[in-house]
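Student: This is the structure, below, for whatever I ask next.
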């Protein structure tokens, strides 16, 4: 290979590497800003945090849906690394306690990201699907952890699913101002009662 061709390839590789790093910095900036409580960061805030120009943000993400997908991927990876969501084989009471403990920790961790999704999902088909998908994953996990749910009447199954949802946690924690301990006690008592019904 001639030296000129190698230099040209290196130049292209260098640009691609810079482009990849810039995209990652923009995604990381958005994840950080939301995680700090700025639920709908402006393009200017993202550019400043990522230390790139405003035009660079728009050039890399002309389509907000693409940016949302990359942010969602980043948050999903974070959650999968931090939380063990696999069902366990244990007595019912232990599984109920573990379900509640894991769910409260997860909801607390994703609280601001979920709030940001709720604030934007009416304008984004991707975020709408993502939020519904999150609810479906939680429902599947609930059934995996507590297969006894299958013996309940359908209205009780739905009630248990709602009771353990992010939406109920969000209302109790962020709107009504209850502590995690209070929510934990409510969930434990209510789940036990519904499973005995």
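Residue numbers (the working numbering): 93 to 289. We treat Cβ as the ideally placed atom computed from N, Cα and C, and that holds for glycine.
Report buried or exposed for residue 226, applying the criterion of at least 16 other Cβ atoms within 10 angstroms of its Cβ.
Tutor: Mapped onto the chain shown, residue 226 falls at position 134. By the 10 Å Cβ count, residue 226 comes out buried.
Student: Rounded to whole angstroms, how far is the Cβ of residue 73 from the Cβ of residue 272, which I believe are closer than 8 Å?
Tutor: Because the chain here runs from 93 to 289, residue 73 falls outside it and cannot be looked at.
Student: Residue ranges of each alpha helix (DSSP H) run of no fewer than 4 residues wholly in the region 142 to 178, ordered along the chain?
Tutor: Complete alpha helix (DSSP H) runs here, min 4: 146 to 152 and 156 to 174.
Student: Take residue 146 as the anchor and find which of 155, 159 and 136 has the nearest alpha-carbon.
Tutor: Numbered from 1 along the chain shown, position 54 holds the residue referred to as residue 146. Nearest C-alpha to residue 146: 136.
Student: Assuming residue 196 and residue 283 make a contact with CB atoms under 8 Å, what is their CB distance in whole Å?
Tutor: Position 104 of the chain shown holds residue 196. Position 191 of the chain shown holds residue 283. The pair is not a contact, with the Cβ atoms about 13 Å apart (cut-off 8 Å).
Student: Got a sec? Which residues, its chain only, sit under 6 Å from residue 209 by beta carbon, not counting five neighbours each side?
Tutor: Numbered from 1 along the chain shown, position 117 holds the residue referred to as residue 209. Contacts found: 219 and 223.
Student: Taking only the alpha-carbon atoms, compute the straight-line gap between residue 123 and residue 164 and give it to the nearest angstrom.
Tutor: One-based indexing of the chain shown puts residue 123 at position 31. One-based indexing of the chain shown puts residue 164 at position 72. When rounded, the distance between both Cα atoms is 9 Å.
Student: Excluding the 5 residues flanking residue 290 on each side, which residues of the same chain have their C-beta closer than 7 Å to its C-beta?
Tutor: Within the shown structure, residues of the chain are numbered from 93 to 289, placing residue 290 beyond reach of any answer.
Student: Taking its Cβ as the centre, do 16 or more other Cβ atoms sit within 10 Å of residue 141, making it buried, or is it exposed?
Tutor: Counting from one through the chain shown, the residue named residue 141 turns up at place 49. It is buried - the Cβ of residue 141 has at least 16 other Cβ atoms within 10 Å.
Student: State the DSSP-derived secondary structure class of residue 131, mapped to helix, strand or coil.
Tutor: For the purposes of this step, residue 131 is taken as residue 39 along the chain shown, with counting starting at 1. Coil.
Student: How about residue 188 and residue 255: do their beta carbons lie closer than 8 Å?
Tutor: Along the chain shown, read from residue 1 onward, the residue named residue 188 stands at position 96. Along the chain shown, read from residue 1 onward, the residue named residue 255 stands at position 163. In this structure, residue 255 does not lie closer than 8 Å to residue 188 by Cβ.
Student: How many angstroms separate the CA atom of residue 159 from the CA atom of residue 204?
Tutor: As a first step, residue 159 must be located in the chain shown, where it is residue number 67. As a first step, residue 204 must be located in the chain shown, where it is residue number 112. Computed Cα separation, rounded: 17 Å.
Student: Among the candidates 127, 109 and 157, whose CA atom is the shortest distance from the CA of residue 217?
Tutor: On the chain shown, position 125 is the one that residue 217 refers to. Of the candidates 127, 109 and 157, the one whose C-alpha sits nearest the C-alpha of residue 217 is 157.
Student: Relative to the C-alpha of residue 287, which residue among 245, 269 and 258 is closest?
Tutor: Translated into positions along the chain shown, residue 287 becomes position 195. Measuring from the Cα of residue 287, the nearest candidate turns out to be 245.
Student: Check for me: the alpha helix (DSSP H) holding residue 231 runs from which residue to which?
Tutor: Position 139 of the chain shown, counting from 1, holds the residue named residue 231. 217 to 237 is the extent of the alpha helix (DSSP H) around residue 231.
Student: Within the same chain, show all residues whose beta-carbon is closer than 6 Å to that of residue 167, passing over the 5 residues directly before and after it, in chain order.
Tutor: The residue you call residue 167 lines up with position 75 of the chain shown. Excluding positions up to five away in sequence, the list reads 205.
Student: Candidates 214, 233 and 129: which alpha carbon is nearest residue 178's?
Tutor: The residue given as residue 178 occupies position 86 in the chain shown. The residue with the shortest Cα to Cα distance from residue 178 is 233.
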